[in-house]
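For the protein sequence lines, the chains are A and G, in the order given. 0 is the number of the first residue of the first sequence in numbering that gives the first Met the number 0; add one for each residue after it. 0 is the number of the first residue of the second sequence in numbering that gives the first Met the number 0; add one for each residue after it. Even glycine gets a Cβ: it sits at the ideal position worked out from N, Cα and C. Being a predicted model, the structure only gives us computed values, none of them experimental.
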Amino acid sequence: MLFNIKNLLVFCSLLLLQSCITSLHRLVTYDKAVLENNISGTWQGKEKIIEIRPTKQSELAKEFKQSWNEKDKKQLSEQDKKDSILYYEKSYVFSFIKSDVTYFMLANFIRLNNELYADIYPLEMVNTDAPDKKEINEYDGKSGYTAAHTFAKVIFSGNNSLELKFLSGKFISGQIGKGRVSIKNEKDELSGVILITASTEELQRFIVKYGRDERLYDKNNTVILTRKT
Amino acid sequence: MKKKSAIIGLVLFLFFLSGCLFPSLHPIFTEKDLVFNKNLLGTWKNPKNNDIVQFEKASPKNLKEFNEPLKKQVDKIYMLTNKDSAGNVKSKYYVFLVRLGNKYYIDYYPAETDKQNNYDGFFTGHFIKMHLFYNIHFVTNQALELKQFDKGFLEDLIKKKQIRIKHEIMDDGTYFITASTEELQQYLIKYSDVPKAYEEDIITYSRIN
Chain A
0 MLFNIKNLLV FCSLLLLQSC ITSLHRLVTY DKAVLENNIS GTWQGKEKII
50 EIRPTKQSEL AKEFKQSWNE KDKKQLSEQD KKDSILYYEK SYVFSFIKSD
100 VTYFMLANFI RLNNELYADI YPLEMVNTDA PDKKEINEYD GKSGYTAAHT
150 FAKVIFSGNN SLELKFLSGK FISGQIGKGR VSIKNEKDEL SGVILITAST
200 EELQRFIVKY GRDERLYDKN NTVILTRKT
Chain G
0 MKKKSAIIGL VLFLFFLSGC LFPSLHPIFT EKDLVFNKNL LGTWKNPKNN
50 DIVQFEKASP KNLKEFNEPL KKQVDKIYML TNKDSAGNVK SKYYVFLVRL
100 GNKYYIDYYP AETDKQNNYD GFFTGHFIKM HLFYNIHFVT NQALELKQFD
150 KGFLEDLIKK KQIRIKHEIM DDGTYFITAS TEELQQYLIK YSDVPKAYEE
200 DIITYSRIN
């Protein structure tokens, strides 16, 4: 029985992997990134509690406060200034714990067509059970992995509930396959999984054009969060 | 290699960059290029770091995520388990032995370990599996040599416009190789005898079982 449950969990995680479409490039640029104060807080999802904090106030930032202060004194290049907006001043850290592992993800937000979209990217996994809170490095480039972005439309229902409607891999892959959608992509021939390789500008144009089409999202790719604090 | 990059003082974990390795989105093989050499089967040790690698024949149940034509090649596919000196499983890969011209190459493609299967699927779903490849030389029945392709060498060729190979340029200026299998094979054949195309360190393995 245990074996069956384990297999089911593996199957579910594979389903999730295939259902959210991933993008090599980001959706949000430093000049269009927005802060969305309502999103900050502790949220209850179906299986986990998610902490969302502005990056400046996140646990991750505290860890590097010292190096921040040192760097802050130096003259910043133009690129550093842009990066600081995107990765620090106008970004959020999502964190959650599952089975003694703490996960950190970076989120940027952008308004397109007067709607709010999130660009989510994995940052770090830490084994919280280990005495030294050991970082887990199993998904680095050396191991044969590259991190990618996922995008979701963000819809608030009042102040205490929000929906993250992730772009459906099934729908977009199907439309690409039928030649109905033109967006730069690569197909992993071994597994059939599609990776979007469109530039940030193309991605923004894609969302402006199709973002209001409800077929772009489906229930299986929607995360509903309820505010705890 | 993980790079902790300072971004205006907040050292964000710009994770998962590939360092000097040469990962590719696409494989270096088609089904017809696969070969099987039973000499690869067994357990090998890297004397430099005491890592143990075990090559086994894949079984159909290992290949569920692959397309049908590749599943039919099950007899030519290996599973590699990489363990540390204490015997803990560090990583697993599908391994494809490929012959191009008169040289052999291996293509590593990540497979999930039991531990990885228990990680959060939403988080791990943000990672794309890439192909890592090496030139492989069977020195004797008891010794293997693997030579890694140098990413810097390829990037220099691209920057100097001495090669046309499909790629994407990432935010941090690094290259993400999206070349087709055909393009990759052309690259390997053209540069296989160029010493600078490889990393200086040769990985050696000695058979222990």
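Does the Cβ-Cβ distance between A:Ile20 and A:Ile119 come in under 8 angstroms?
-> no
On the CB-based measure, 16 or more other CB atoms within 10 Å of its CB, does G:Gln184 come out buried or exposed?
buried
Report task. Determine the chain A residues that contact G:His25 at a beta-carbon separation under 8 angstroms, and present them in chain order. Result -> Glu185, Asp187, Glu188
In terms of DSSP beta bridges, what is A:Tyr216 paired with? A:Leu166
Query - Selection of the stretch 58-80 of chain G by Cβ proximity to chain A, strictly under 8 angstroms - result: Glu64, Phe65, Asn66, Leu69
- Assign A:Lys127 to buried or exposed, taking buried as 16 or more other Cβ atoms, counted over all protein chains shown, within 10 Å of its Cβ. As written in the sequence, residue 127 of chain A is Thr, which differs from the Lys given in the question. Flag for A:Thr127 reads exposed.
* Asked: Are three or more beta carbon pairs between the stretch 139-150 of chain G and the stretch 145-155 of chain A nearer than 8 angstroms?
  -> Result no; under three Cβ-Cβ pairs closer than 8 angstroms.
- Message: Nearest by alpha-carbon distance to G:Ile202: which of G:Pro22, G:Glu167, G:His136 is it?
- Response: G:His136
State the CB to CB distance for the pair G:His130 and G:Pro26, rounded to an integer number of angstroms; the pair is presumed to be in contact (CB under 8 angstroms). 5 angstroms
DSSP has A:Pro121 in a bridge; who is on the other side?
A:Met104
- What does G:Ser90 touch in chain A if you count any residue whose Cβ is under 9 angstroms from its own? Per Cβ cutoff of 9 angstroms: Glu137, Ser142, Gly143.
### Message
If you reduce the DSSP assignment to three classes, tell me which class A:Arg204 lands in.
### Response
helix
| query | Is there a Cβ from chain G that is less than 8 angstroms from the Cβ of A:Tyr102? | reply | A:Tyr102 counts as touching chain G.
Kindly indicate which three-state DSSP category A:Val9 falls into: helix, strand or coil?
-> Because A:Val9 sits at a pLDDT of 41, beneath the cut-off of 50, its placement in the model cannot be relied upon, and the point is left open.
- Item | Supposed close pair A:Tyr91, A:Pro53 - CB separation, criterion 8 angstroms | 6 angstroms
ask   = Distance, Cα to Cα, A:Ala32 vs A:Lys80?
value = 14 angstroms
- Query: Roughly how many angstroms lie between the CA atoms of G:Ile176 and G:Lys44, to the nearest whole one?
  - Reply: 30 angstroms
Contacting positions in the stretch 106-128 of chain G - beta carbon closer than 9 angstroms to chain A:
When C-beta distances to chain A are compared with 9 angstroms, the residues of the stretch 106-128 of chain G below that value are Tyr107, Tyr108, Pro109, Glu111, Thr112, Asp113, Lys114, Gln115, Asn116, Asn117, Tyr118, Asp119, Gly120, Phe121, Phe122, Thr123, Gly124, His125, Phe126, Ile127, Lys128, in chain order.
- prompt: Is the shortest distance between the beta-carbon of A:Cys19 and the beta-carbons of chain G less than 8 angstroms?
  reply: yes
Interface partners of A:Gly191 on chain G, CB under 8 angstroms: Asn66
query = Taking Cβ positions, are A:Lys89 and A:Leu34 nearer each other than 8 angstroms?
reply = yes
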